[in-house]
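K.L.:
Attaching a single structure in structure tokens format; questions to follow.
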Amino acid sequence: DAKGSIREIILPKGLDLDRPKRTRTSFTAEQLYRLEMEFQRCQYVVGRERTELARQLNLSETQVKVWFQNRRTKQKKDQGKDSDLRSVVSETAATCSVLRLLEQGRLLSPPGLPGLLP
1 DAKGSIREII LPKGLDLDRP KRTRTSFTAE QLYRLEMEFQ RCQYVVGRER TELARQLNLS
61 ETQVKVWFQN RRTKQKKDQG KDSDLRSVVS ETAATCSVLR LLEQGRLLSP PGLPGLLP
């Protein structure tokens, strides 16, 4: 204040100021290329696919997961705040899930199209 008195700042107990900051991951050009290619194929990568991609790129699964989360956020921002965006994202996620099941042979035919596949 104007008199120059000292004030004590009380921080939340959960705030750990002594902890070192997390290091920022720097992806190589090859890693970024592969991540972008996978993102273009399917915006959601989970399970064995994420495990395998992380192994191939020499990254942790968490790094791959966070990269995809950030990339989806970037895409939403780039597309703007369209009213259709929520339905596009949910349709994309559903489509990716169905395609993944079809590729793995766990789904005999797409929902709503019985008997399409042998």
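Residues in the sequence shown are numbered consecutively from 1, following full-length UniProt numbering. Ideal placement from N, C-alpha and C gives every residue a C-beta, glycine not left out.
Would R72 pass as a contact of Q31 if the rule is Cβ separation under 8 Å?
P.N.:
Going by C-beta atoms, R72 is not nearer than 8 Å to Q31.
K.L.:
Can you tell me whether C96 is helix, strand or coil according to DSSP?
P.N.:
Helix.
K.L.:
Compute the minimum distance between the beta carbon of P12 and the heavy atoms of the ligand ADP, and state whether it is under 7 Å.
P.N.:
Judged by which ligands are present, the structure shown has none, so any question about the ligand ADP falls away.
K.L.:
My parser needs the alpha helix (DSSP H) runs of 4 or more residues fully inside the stretch 12-73; what are they?
P.N.:
Entirely contained in the stretch 12-73, the alpha helix (DSSP H) runs reaching 4 residues are, in chain order, 29-41, 47-57.
K.L.:
Suppose contacts are defined by Cβ-Cβ distances below 8 Å. Is L57 in contact with V45 by that definition?
P.N.:
No, Cβ-Cβ distance for L57 and V45 is not below 8 Å.
K.L.:
Pull up the distance between the alpha-carbon of L102 and that of T95, whole angstroms please.
P.N.:
For L102 and T95, the distance between alpha carbons rounds to 10 Å.
K.L.:
Under three-state DSSP, which class holds E103?
P.N.:
In the structure shown, E103 sits in a helix (DSSP, three-state: H, G or I).
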